[in-house]
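One structure below.
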Amino acid sequence: MGKPFFILLCLLAGIYTVRAQNINDSVRVLFIGNSYTHFNKLPDDIQKIAATQKIILLYQACVRGGYSFKKHLQKQEEIEIIKEGKWDFVILQEHSEAPAKPTEVVAQETYPYARALDSLVHVYNPKAHVIFYMTWAHKDGCLSPIADYPLIDTYTGMQERLKTSYLEMAYQNNAWCAPVGMVWQQVRRERPDYVLYWQDRTHPSPLGTYLAANVIFSTMFQKPYQTSYIKNLQTEQAEYIQQIAQKMVLNNLRLLNINRHDK
């Protein structure tokens, strides 16, 4: 990462490093999602980035392929994990297509379950920060098109719906939003040569997962950082992803509903 850029980020955040208050402190994170969370071991990437910043990050993941918020709430073992308490962050990731559906459908089939999860988290973890993990659109538009709803037949249309719905979930629940999908879109625009998708055109490549990890880490701590962990990627790629992730978060704290004073 270039020194001028890192200095700029430091000025934006008003602090020079991301550190736990003590080397022995730890941050406990619970991930609730599906394959978009467990593909390429996303939680591991976040943990390894944290380690380079002297942050001990401990996590547990409730991830099941194809699951939605509604389905997670039907799993008693997951509810018990939430009830264990002592979570500092809970990362919530909805089914990849659900938030892209028509507004009235999302209002009935997604928002109530997002609220139920958020409420459950705070009953047992009153100090936890809930982060809604905004995912990205499928490479060429939604793989499950909806009749009479052509908006999501394109990448751009689907991404706009995901963005709107995830931000709304954050606003409705006084939670934060990790703008993974927004950064993904910017990388597609600026670096079309970067392979973000796996061969199925929906799940992330290792680079796509690294992008998500940096965005979520930046959302959690909102402070500039440089990390030596680059996940077997080219150095140029990794540094670019680190920079763009931090810029998106630090320049959009209000949009993402992140109040740094409530930490």
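Residue numbers (the numbering used here): 25 to 287.
Ideal Cβ placement from N, Cα and C applies to all residues, glycine included.
**OP:** Indicate whether SER242 and VAL219 have their beta-carbon atoms separated by less than 8 Å.
**Re:** Locating residue 242 in the sequence shown gives position 218, where the first residue counts as 1. Locating residue 219 in the sequence shown gives position 195, where the first residue counts as 1. The answer is no: Cβ separation not under 8 Å.
Original post:
Helix, strand or coil: which one does DSSP assign to TYR249?
Top reply: For this step, residue 249 is matched to residue 225 along the sequence shown. DSSP, read as helix, strand or coil, puts TYR249 in coil.
Original post:
Curious, which full-length alpha helix (DSSP H) runs of at least 4 residues does the stretch 64-151 contain?
Top reply: Counting only runs that start and end inside the stretch 64-151, the alpha helix (DSSP H) elements of at least 4 residues fall at 66-76, 93-97, 100-107, 127-133 and 135-148.
Original post:
Going by Cα to Cα distance, which pick from PRO123, TYR190, VAL51 and ILE56 is closest to LYS72?
Top reply: Within the sequence shown, residue 72 is the residue found at index 48, counting from 1. The shortest Cα separation from LYS72 among PRO123, TYR190, VAL51 and ILE56 belongs to VAL51.
Original post:
Any idea if ASN197 is buried or exposed, counting beta-carbon neighbours within 10 angstroms, 16 or more meaning buried?
Top reply: In the sequence shown, counting from the first residue as 1, residue 197 sits at position 173. Label assigned to ASN197: buried.
Original post:
By Cβ distance, which residues of its chain are closer than 6 Å to GLY232, with the 5 residues on each side in sequence left out?
Top reply: Within the sequence shown, residue 232 is the residue found at index 208, counting from 1. Excluding positions up to five away in sequence, the list reads LEU220.
**OP:** Give the C-beta separation of PHE113 and VAL53 to the nearest angstrom, bearing in mind that I take them to be a contact with Cβ-Cβ under 8 Å.
**Re:** The residue labelled residue 113 in the question sits at position 89 within the sequence shown. The residue labelled residue 53 in the question sits at position 29 within the sequence shown. At roughly 5 Å, the Cβ-Cβ gap stays under 8 Å, so PHE113 and VAL53 are in contact.
Subject >> Option in PRO169, ARG225, LYS65 and ALA199 with minimal Cα separation from ALA124 >> reply: The residue given as residue 124 occupies position 100 in the sequence shown. Distance check between ALA124 and each of PRO169, ARG225, LYS65 and ALA199 places PRO169 closest, using alpha-carbon atoms only.
Original post:
Which first and last residues belong to the alpha helix (DSSP H) in which GLY181 is found?
Top reply: For the purposes of this step, residue 181 is taken as the residue at position 157 of the sequence shown. Here the alpha helix (DSSP H) through GLY181 covers 179-196.
Original post:
With distances taken from CA atoms, which of VAL87, CYS201, THR178 and GLN100 is nearest ARG278?
Top reply: By one-based count along the sequence shown, residue 278 stands at place 254. If we check each option's Cα against that of ARG278, CYS201 comes out closest.
Original post:
Along the chain, which unbroken stretches of the alpha helix (DSSP H) at least 4 residues long are found entirely within the stretch 223-274?
Top reply: Within the stretch 223-274, complete alpha helix (DSSP H) segments of at least 4 residues are found at 230-245 and 259-274, given in chain order.
Original post:
Who are the Cβ neighbours of ASN149 in its own chain at under 6 Å, not counting the five residues just before and after it?
Top reply: Against the sequence shown, residue 149 aligns to sequence position 125. Contacts found: GLY109 and TRP111.
Subject >> Beta-carbon proximity check, TYR157 vs MET193, cutoff 8 Å >> reply: Taking the first residue of the sequence shown as 1, we reach residue 157 at position 133. Taking the first residue of the sequence shown as 1, we reach residue 193 at position 169. The answer is no: Cβ separation not under 8 Å.
Subject >> Own chain partners of SER120 with C-beta closer than 8 Å, once the 5 adjacent residues on each side are dropped >> reply: Numbered from 1 along the sequence shown, position 96 holds the residue referred to as residue 120. Hits under 8 Å: ASN58, TYR60, THR159, HIS162 and THR226.
**OP:** Give a yes or no on whether the C-beta atoms belonging to GLY165 and LEU186 are separated by under 8 Å.
**Re:** Taking the first residue of the sequence shown as 1, we reach residue 165 at position 141. Taking the first residue of the sequence shown as 1, we reach residue 186 at position 162. It is not a contact, given that the beta carbons lie outside the stated cut-off.
Original post:
Should the stretch 248-268 be regarded as contacting the stretch 95-106, the criterion being three or more beta carbon pairs within less than 8 Å?
Top reply: Verdict: no, contact absent.
**OP:** Can you check DSSP and say which residues form a bridge with TRP200?
**Re:** For the purposes of this step, residue 200 is taken as residue 176 along the sequence shown, with counting starting at 1. Paired residues: ILE155.
Original post:
Closest by CA to ILE282, which one among ILE254, ASP217, ALA199 and GLN250?
Top reply: Position 258 of the sequence shown, counted from the start, is the residue given in the question as residue 282. Nearest C-alpha to ILE282: ALA199.
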